[in-house]
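2 protein chains.
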Amino acid sequence: MTAPPTERTPTLADVARRAGVSTATVSRCLNTPDRVIEETRNRVLQAVRDLGYSPNFGARALAAKRTNTIGAVIPTMENAIFARGLQAFQEELRLKGITLLVASSSYRADLEEEQIRTLVARGADGLFLIGAHRDPALYDFLNRRGIPTLVAWVHDPNAPVPTIGFDNHSAMLDLARRVIADGHRHIGVISAEQAGNDRARARVAAIRAAMDEAGLDPDALSLVETAYGIDEGAAAFEALMQRTPRPTVVMCGNDVLAVGAMGRAKEMGYDVPGDVSITGFDDIELAKVCSPGLTTVHVPHRQMGTRAARALISMVSEGTPGQGQRLDTRVVLRGSLGPPRA
Amino acid sequence: MTAPPTERTPTLADVARRAGVSTATVSRCLNTPDRVIEETRNRVLQAVRDLGYSPNFGARALAAKRTNTIGAVIPTMENAIFARGLQAFQEELRLKGITLLVASSSYRADLEEEQIRTLVARGADGLFLIGAHRDPALYDFLNRRGIPTLVAWVHDPNAPVPTIGFDNHSAMLDLARRVIADGHRHIGVISAEQAGNDRARARVAAIRAAMDEAGLDPDALSLVETAYGIDEGAAAFEALMQRTPRPTVVMCGNDVLAVGAMGRAKEMGYDVPGDVSITGFDDIELAKVCSPGLTTVHVPHRQMGTRAARALISMVSEGTPGQGQRLDTRVVLRGSLGPPRA
DNA sequence: TCGTCAAATGTAAGCGCTTACATTGCTAGG
DNA sequence: CCTAGCAATGTAAGCGCTTACATTTGACGA
C-alpha cells in the first residue's frame, strides 16, 4: 500500500476494446456464456484475465435491478447462538452464488430497523430476520418494496411473513414440565429482556403455563430480566438467590445466561444440582463443555439455517409467497438438573 | 408479503418533483445540507418522508465513487474468537457512519481471495483482514486498486500492509516458559493447520524456542495439527495421549481446541491438571467458564478491533499510509495448568 | 442461386445518483 | 443606479453496466 495513487480500475469497455468486441458481448460472456460462440468467449475471458477485470457491483445492480444478495439482521454476533444457524444459512446461499450481508442490531428494535433499511437500500434481493415481532409499518414497508422476507428462530403461522423455526412456547413447556416433575416448587427464571423479543416472552409464558398446569401459583415464579451475556447471567443469578423463598432451580432463557449463572453458583459455593439446578436453552457448545453439563433445549440450528436459505431463495427467484416450517426441539438432560434436596 | 407485485421504488427524481426542486438540490440536501437554504431543505426532507424515499446504494456508489463501506474477511463466524474483536471494529465504524460487510473464508486461502475480490467489486473503500500471510499477488492487486488494507491479529512490522495485533511468537513464548518452569518435559501441542496460517506457525515455533532455551530437545515436541473446533480438539487430544512418551501437558493453539481437549480428558478419566495440564490461547469466555478454568494467553480483542477501525478509517479518509500497532498480551493462570505429577 | 431464418454480435438507451458548471437573484460598494 | 460577487439553485454529463432491439452472417432448403 505504498505506491502513489494507482492505475484506473478496468471497466467492461476496456475489456471489450482489448478483445475487439462490443460491451454487450462481454456482458453476455459473463452472464449468459452460452449465448456467445466459444472462440469469442475465450478471447473475452482472456482479456478479462489480462486486465484483472472484475465487474462493478453498483453498476451491475443499477442496470440489472437485482444484486444476488440477501441481507440478514441478527441480534448479536458476539456469541454462538446465531452463529451456527447463520453459517449454515450462508453456506447454502453460497451454493447458489448468492452473497450474504450480515448486520447486527444489538437486540435493539431501532437499530434493527436502521439495518433493514440499509440492507434494502443496498439492494438486498431478500431479507432474513430473527423473531417475528416488529412494527407492522416495517413489514408494510418491505411488502410495498416487494422484498421477500423470511423470519427464523420462531415458528408462528400467523406472522405476516413465513417463519421457519420452532415453537418457543412448547419447547420451554417440555423443559418446565420436566423440571416440575423432578419436584421443584420454587422456580427462578432469568430471561432476556422481553420487550420486543417474542422468543423470550414465549419462553417465560411457557414456564408459567407449566406451573399452572401443575397446580402451582404461576405468580410465585421469581423472575429477573437482564441483558445478554455471561456476566449478566451471573449477576441475575446472584440476585435471584437472595430472594425468599430461595429457588431450587433457575431456568434461564438461553445457554449463555445459564453458563453465567452456573459460574456464579460455583463462586458462591453452591453445588449444582445439589443446592440449585440450572437449565438453559439452545444447546450451544458451551452447554456441553461446562461442568456439570447443562440441561437445556436442543435447537436444530444448522437445519434451520439451511431450510431458511432454501425457502428464501425460492421466494426470491420464483416470486412464490414462501412457506413456513416448524422444526422440532428436544430437551437434553445433562448434569445441571436434579431433584431438589429434601 | 401477500400483495401482488408492488409500487415502484421512489427515486431522487420523484422527491425532486414533489418538492418542486431539481434533483441536484435533493442530492445536496442529503449529502451537504448546509449548501441548501433551510426552507428548501425542509420541503425536500418532507417529500423524502412522504415518499419513504431512501437512496439507491448502487447508483450512489456509481456516481460518487465511494461507498462508505469497509469489508472484512474473517476465518470463521462460528465462534467467539473473532466475534468480539469484530464487534468492537463494527461499533467504531458505525460511529463514523460506515457500514461493515463481513465475509468468512472457512480458513481457506482460495475462499478468502474470492471473498476479497467480491468485497472489492462491491466497492469496499477499505479492507480488514486477519493474519498477514497471503499471496503477494493479492497484496499487489489491492495495491493497484488503491484499496487501503489493514491486517489484525498479528503484529508484523515487515508485512506489506499495516498490522495491528500482538506478537504471536512472544505471547506463546511467555506461556511456554511458564509451562516449562512448572516442570513439564513432555509437551504435547495441538495446533490449527499451519499452512497459510502465520498465527499458528508462530505459536508452535514459540513453544519450540522455549524448549530449546530450556535445554530440551525441540524435536521431542509431540505435535498434532487439526482443523478448528471443539470436537477436533477432543480427537487430537486423544491421539496425543496415546503417544509415547505421554505428554504431561497439552498446549493448544487456541481456546476452542483446548476446551475440546479438556472435555475429552475428563471423558477419558484424566484429572486436569493432576494427570495432564492443558493450556489455550485467546482467553475467550469459554476459558473462564470451563472447569478447571483454562490457563491461556489473554488477547485484547476489543482494543484490537477499535484501534484497527480508527486506523483504517484514517487510511481511507485521509489517504495516509497507516501505522501498525503492537498490543500486549498476558498469560492468564487458571486451574488447568499445574506441575506434572512426580 | 436465392431467400429465409436463426445464431452471433453490435448499438444505444437507460438504471438513479453526484457534481462541475451555468444560471439566477440578491446584496452591497462605488 | 449600476455592477461585481456570492449564495442558492438548476442543467446536464457521466459513473459502468444490462438488455431490447437492430444488424450481420452463414447454413440450408427449394
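Protein chains in written order, with numbering that gives the first Met the number 0: chain A, 0 to 341; chain B, 0 to 341. By construction, the Cβ of each residue, glycine as well, lies at the ideal position given by its N, Cα and C atoms. Since we're looking at a predicted model, the values are computed, not measured.
- Of the other Cβ atoms in all chains shown, 16 or more fall within 10 Å of the Cβ of M210 of chain A; this residue is therefore buried.
- Note on the stretch 174-259 of chain A: whole alpha helix (DSSP H) runs with a minimum of 4 residues are 197-212 and 229-240, in chain order.
- H297 of chain B is bridged by DSSP to B:D281 and B:R329.
- For F236 of chain B, there are no neighbours in chain A by C-beta distance under 7 Å, as the nearest C-beta there is about 13 Å away.
- The C-beta of M240 of chain B has 16 or more other C-beta atoms within 10 Å across all chains shown, which makes the residue buried.
- G130 of chain B is positioned such that its CB atom lies no closer than 8 Å to that of M303 of chain B.
- Residues of the same chain with a CB within less than 8 Å of the CB of S26 of chain B, apart from the 5 flanking positions on each side, are L11 in chain order.
- Taking 7 Å as the upper bound on Cβ-Cβ separation, chain B lies near residues M76, E77, N78, A79, A82, R83, L85 and Q86 of the stretch 73-93 of chain A.
- If you ignore the 5 residues before and after R325 of chain B, its C-beta comes within less than 6 Å of the C-beta of H154, all in its own chain and listed in chain order.
- Boundaries of the alpha helix (DSSP H) harbouring L61 of chain B: F56 to A63, taken from the DSSP string.
- For A120 of chain A, the secondary structure class from DSSP, reduced to helix, strand or coil, is helix.
- Pairwise C-beta distances place the stretch 102-109 of chain B in contact with the stretch 59-78 of chain B, as three or more of them are shorter than 8 Å.
- Against chain A, the beta carbon of A60 of chain B has neighbours under 7 Å at G57, listed in chain order.
- Setting aside the 5 residues that flank it on each side, L128 of chain B is surrounded in the same chain by V72, T148 and V150, each with a C-beta closer than 7 Å to its C-beta; the list follows chain order.
- Taking a 10 Å sphere around the C-beta of N253 of chain B, we find 16 or more other C-beta atoms and assign the residue as buried.
- In the pairwise beta carbon analysis, the stretch 207-225 of chain A is classified as touching the stretch 179-193 of chain A: at least three pairs are separated by under 8 Å.
- Using a Cβ-Cβ cut-off of 8 Å, G262 of chain A counts as an interface residue toward chain B, since at least one Cβ of chain B sits closer than that to its own.
- Excluding residues up to 5 positions away in sequence, A108 and E112 lie with their Cβ nearer than 8 Å to the Cβ of D134 of chain B in the same chain.
- When only Cα atoms are considered, G273 of chain A and K95 of chain B end up about 51 Å apart.
- One alpha carbon belongs to A234 of chain B, the other to V275 of chain B, and they sit about 16 Å apart.
- C-alpha of I115 of chain A to C-alpha of A87 of chain A: approximately 21 Å in a straight line.
- For R48 of chain A, the nearest beta carbon of chain B is not closer than 8 Å to its own beta carbon.
- Contact of S169 of chain A with chain B is not assigned, every C-beta pair being separated by 8 Å or more.
- A distance below 8 Å separates the beta carbons of A205 of chain B and A175 of chain B.
- With respect to C251 of chain A, G268 of chain A sits apart: the two C-beta atoms are not nearer than 8 Å.
- Annotation: L336 of chain A is outside any beta strand (DSSP E) and is labelled neither H nor E by DSSP.
- Residue range A79 to L94 is occupied by the alpha helix (DSSP H) that includes G84 of chain A, with no beta strand (DSSP E) assigned at that position.
- Around F280 of chain B, no beta-carbon contact reaches into chain A at under 8 Å, the shortest distance being about 17 Å.
- Cβ proximity to chain B below 9 Å picks out Y138, F140, L141, N142 and R143 from the stretch 128-143 of chain A.
- The count of Cβ pairs closer than 8 Å, one atom from the stretch 284-297 of chain B and one from the stretch 326-339 of chain B, reaches three, so the stretches are in contact.
- At least one CB atom of chain B sits nearer than 8 Å to the CB of C289 of chain A.
- For R306 of chain B, no CB of chain A lies under 8 Å from its own CB, so it is not counted at the interface with that chain.
- For I36 of chain B, the number of other beta carbons within 10 angstroms of its own is below 16, and it is reported as exposed.
- Close partners of A120 of chain A in chain B (Cβ separation under 8 Å): S53, P54, N55 and F56.
- Between A62 of chain B and the set A:N55, A:T162, A:A310 and A:D49, the nearest pair of CA atoms involves A:N55.
- In chain A, no part has a C-beta under 7 Å from the C-beta of V20 of chain B; the shortest such distance is about 22 Å.
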